[in-house]
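Scroll down for the structure; my scribbles are underneath it.
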Amino acid sequence: MWRVGIDIGGTFTDLIAYNEDTGEVKYLKVLTTPREPWKGFMKALEELGAPIGEVKVIVHATTLGTNMFFGQTGLEPPQAVLITTKGFRDIIEIGRQNRPELYNPYFEKPKPLVLRRNRYTVRGRLDANGSIIEEFDENEIVEIAKRLCRKNTVFVVSILHCYANPEFERKIVQLIRKTCIEAEEVVGSCDINSEPGEYERTSTALVNAMLRPLFRRYIANIVERLRARGFQGKLLIMQSSGGVAGPELAEEKPALFIESGPAAGAIAAAYLASKRHDKLAVGFDMGGTTAKAVLVVDGKPSITSVFEVGGKYHMGRRVRGSGYPVRAPYIDLVEVSAGGGTIAWVDRGGALRVGPQSVGADPGPACYGRGGDKPTITDAHAVLGRLPSKLAGGRLEIQRELALEVYRQLASSLGIDLYDTAEAVLKLANTIMARAIRIVTVERGYDPASTVLYAYGGAGPLHALEMAEELGVRKVVIPPYPGVFSALGLLVADYRHDLYYPVHDVVENVSWEELEAIYTQLEEEAYKLLTSEGVEEDSIRLIRVLELRYRGQLEHLEVGWSQRREMVVEKFRELYRARYGYLPPTEPPIELVRLHLIAIGFTAKPTIRAPKTTGDLKPMGYTEALMLDEGWVKAQLYNRSMLGIGVEVGGPAIIVSEDSTIIVPSKWSGYVVEDGSIVFERR
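Count along the sequence shown from 1, add 2, and you get the number used in our numbering.
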């Protein structure tokens, strides 16, 4: 039986399939169809060639949610109505009053998710402890619901302090549902996020509610097409946290799945780093549109509890306040606009720039021969002889003359040599991507030189070793199937569910016995969730986490559970000092915000091995290519599929495969290990 991973990216849709009976691996890339992403999904599955009845499970990753909030044509959000406490009509516009770009007088805040005319305030008030100060007026709620009731309307109810008394808000939700049966969605904020902070909670609920119709249609579309072809297996969706879950959760809480595509690659890198016992690693994913970096410590990727969908990036950093906050566990990625399709251009001052614009899947880089007329990073590689004649398993023929044509125009604008221009573009792209890696290492207290760099994505291996030179990194791992590595991450990901219980009290006042009883209830619920998805009880692991902060602060830290209160407090202080570099001289009370239970259901992992051939292998030929800071060299050409365990390859060399190309500079050499990875070290 086959297990299949399908990752829909901005340029390519990647598929990898593993046969549990024979160990056979198949993989392929097809061009993404942005307006109808299921077409690329189904095309990839059809080209796999395996009988659909022999497919046991399909794990899918999508950036559908991100695309909608970036304004992709055909993914327009539904009309939303916000009902909130009197005096808080404009909370989603006021936000936290922080200016995302302090020195940019032209910065424009993102448009509010709900137009002001569709934001309504109602009587009914809770205090911070959940006590009712004023009851809501049923007639007022019914009147608003009747007036705005439409077939496609999405209602979101967000009452101040509802986390402390969720039933108060739920009664309003039920009243609206009863009044407006035809409404698309009616959502209460405390059922989506049970934390204090009305702005973030309201934003999270709005994002979730607006995504629900889109995700339901998308998943129903895929399920219908799969069933029509005879698929009887299981469909799973990757979450932004790096765990997989059934489509039911994606339909109910799509905000958990916004960054599912990037998360898949991070999980694959973390899995491989764990297997290789690399304590400190960086996952580097360069695709067709962007490049991403993630820090992996002790085999686990960094996780953040707040993400901004639709936000901007500046110098590799996410600009806080430029998007819509979503409170949920997300793998903490740093993203820069440097993918294979990123456009090189000259600004008004005559300086060379790379990004942020990209040509996307259609028309793609000029060298793809699909009508592209802009110079891209991929075209620069073609100009410098660094690409094979065909990509994506032969589906794309590289037309170097078209790349030369667009680069002649760019070189003319700069007044320099054609090849110098292409080299400058690659160097600039490397600098941009190296910045992302410095953000996840240097800015978090780690030296990049002490990390192992895991490079993947269709374009990642083209840049990895030369970028490592700039960073001082001495070891780089190119995993098996790097061009579809994120899809492989779908096959190694475990089930994950995050369960919460709000507390909001000072640690000293909390009864540890009561917390134990609450955790027991959460664990029973977690077992039901995972076993209903087919996970065996002996494959379940439950992790207890406490969300703590100093009273008066907004952000919390996650501390592992202990039976001893003093151990929890001491661990919190250690984490706080490590994160912020100090402890408050006069310590405020430590507040327990929520109990968090992470429920993991372990999945069977594919066994991937390199070819059995061993020993030295002669190159299949030579080619003239430009290596950065070396000039034109006579590079050895190798076919990766012929490199067995123990084979060593020294630069200058180009290693080609159906899904990616590895550039090996003269100062680097690599050897193939058992799982098919090539480990490169600086000579």
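The beta-carbon is built from N, C-alpha and C at its ideal position, and this holds for glycine as well.
On a predicted model such as this, the values are computed, not experimentally measured, just so you know.
Just to confirm the assignment, what range does the alpha helix (DSSP H) spanning residue i have?
i    : result
Y229 : According to the sequence as given, residue 229 is Arg; it is not Tyr. Residues 200-230.
T181 : 168-181
P39  : 39-50
I260 : No alpha helix (DSSP H) contains I260, which DSSP labels as neither H nor E.
I93  : 93-96
L104 : Taken as a continuous stretch (DSSP letters only), L104 belongs to no alpha helix (DSSP H), as it is neither H nor E.
G462 : 462-473
Measuring straight from C-alpha to C-alpha, what distance separates residue i and residue j?
i    : j    : result
V328 : A257 : 7 Å
L455 : I480 : 8 Å
Y409 : L282 : 39 Å
A271 : R498 : 18 Å
R52  : E22  : As written in the sequence, residue 52 is Ala, which differs from the Arg given in the question. Going by the C-alpha atoms only, they are around 13 Å apart.
M70  : Y122 : 25 Å
R546 : H465 : 40 Å
A346 : D496 : 39 Å
A185 : A211 : 12 Å
S488 : I178 : 42 Å
E56  : M3   : 5 Å
K58  : L237 : 9 Å
I134 : L128 : 5 Å
E676 : L389 : 27 Å
I8   : E527 : 30 Å
T75  : Q176 : Since pLDDT at T75 reaches only 48, below the 50 mark, its modelled position is unreliable, and no value is offered.
T344 : L404 : 16 Å
V475 : L393 : 28 Å
A295 : Q411 : 32 Å
L428 : E169 : 57 Å
L104 : G623 : 55 Å
T206 : E399 : 44 Å
S391 : Q401 : 8 Å
T291 : S360 : 6 Å
T155 : Q81  : 6 Å
If you drop the 5 nearest sequence neighbours on each side, which residues of the same chain put their C-beta closer than 7 Å to that of residue i?
i    : result
F138 : V124, R125, G126, I174
A436 : M469, E472, L473
L150 : V83
G67  : L213, P256, F259, I260, V311
T625 : G387, A637, L639, I656
G678 : P482, I610, R611, A612
A252 : F217, I221, I239, F259
F90  : T123, L162, E200
V444 : P450
When you compare the CB of residue i with every CB in chain D, is at least one pair closer than 8 Å?
i    : result
I600 : The structure shown has no chain D; it contains just one protein chain.
The beta strand (DSSP E) spanning residue i covers which residue range?
i    : result
A331 : Residue 331 is actually Pro in this sequence, not Ala. Counting along the chain, the beta strand (DSSP E) containing P331 begins and ends at 326-333.
D287 : 282-288
S113 : Checking the sequence shown, residue 113 turns out to be Lys, not Ser. Counting along the chain, K113 falls outside any beta strand (DSSP E), and DSSP gives it neither H nor E.
N21  : 14-21
G623 : 623-629
S160 : 156-160
A295 : 293-299
K31  : 27-33
K236 : 236-240
T306 : 305-311
Apart from the five residues on each side of it in sequence, which residues of its chain come closer than 8 Å, Cβ to Cβ, to residue i?
i    : result
K148 : T181, C182
D364 : L33, P36, R372
I520 : Y503, L597
Y421 : V385, L386, L628
Using C-beta distances below 6 Å, list every residue in its chain close to residue i, excluding the 5 sequence neighbours before and after it, in chain order.
i    : result
L645 : V674
T65  : G263
A266 : D9, A63, M240, S488, G491, L492
G459 : D287, M288, G289
Check: Can you list, in chain order, the stretches of the beta strand (DSSP E) that have 3 or more residues and sit fully within the stretch 482-535?
Finding: Counting whole runs of 3 or more residues, the stretch 482-535 contains the beta strand (DSSP E) stretches 497-508.
Next item on the list: Report the residue ranges of all beta strand (DSSP E) runs contained in full by the stretch 642-668; include only those spanning at least 3 residues, in chain order.
Entry: Listed in chain order, the complete beta strand (DSSP E) runs (minimum 3 residues) inside the stretch 642-668 are 650-652, 655-658, 663-666.
Notebook entry, point to check: Three or more C-beta pairs closer than 8 Å, one from the stretch 276-284 and one from the stretch 297-307: is that the case here?
Noted result: The stretch 276-284 and the stretch 297-307 touch, with no fewer than 3 CB-CB distances between them shorter than 8 Å.
Check: Is the stretch 195-215 in contact with the stretch 489-507, if contact means three or more CB pairs nearer than 8 Å?
Finding: Three or more beta-carbon pairs separated by less than 8 Å link the stretch 195-215 to the stretch 489-507, which places the two stretches in contact.
Note to self: Check whether the stretch 412-422 and the stretch 339-354 touch, using three or more Cβ-Cβ pairs below 8 Å as the test.
What the structure shows: By the criterion of at least three beta-carbon pairs nearer than 8 Å, the stretch 412-422 is in contact with the stretch 339-354.
Checklist line | At least three beta-carbon pairs within less than 8 Å, the stretch 620-635 to the stretch 420-433 | finding: Verdict: yes, contact present.
Next item on the list: Please determine if the stretch 160-167 and the stretch 80-91 are in contact, where contact requires at least 3 C-beta pairs separated by less than 8 Å.
Entry: Contact holds: three or more Cβ-Cβ distances are below 8 Å.
Check: Does the stretch 644-653 come close enough to the stretch 377-394 to have 3 or more Cβ pairs within less than 8 Å?
Finding: Three or more Cβ pairs closer than 8 Å define a contact, and the stretch 644-653 falls short of that threshold against the stretch 377-394.
Notebook entry, point to check: Is the number of C-beta pairs between the stretch 530-546 and the stretch 601-608 that are closer than 8 Å three or more?
Noted result: Taking 8 Å as the limit for Cβ pairs, the verdict is that the stretch 601-608 does touch the stretch 530-546.
Check: Which ranges does the beta strand (DSSP E) cover as unbroken runs of at least 3 residues, wholly within the stretch 337-422, from first to last along the chain?
Finding: If we require 3 residues or more, the beta strand (DSSP E) runs fully inside the stretch 337-422 come out as 344-348, 354-360.
Margin query: Tell me whether the stretch 548-567 and the stretch 586-595 touch, counting them as touching only if at least three CB pairs, one residue from each stretch, are closer than 8 Å.
Written below: Touching, yes, given that three or more Cβ pairs across the two stretches are closer than 8 Å.
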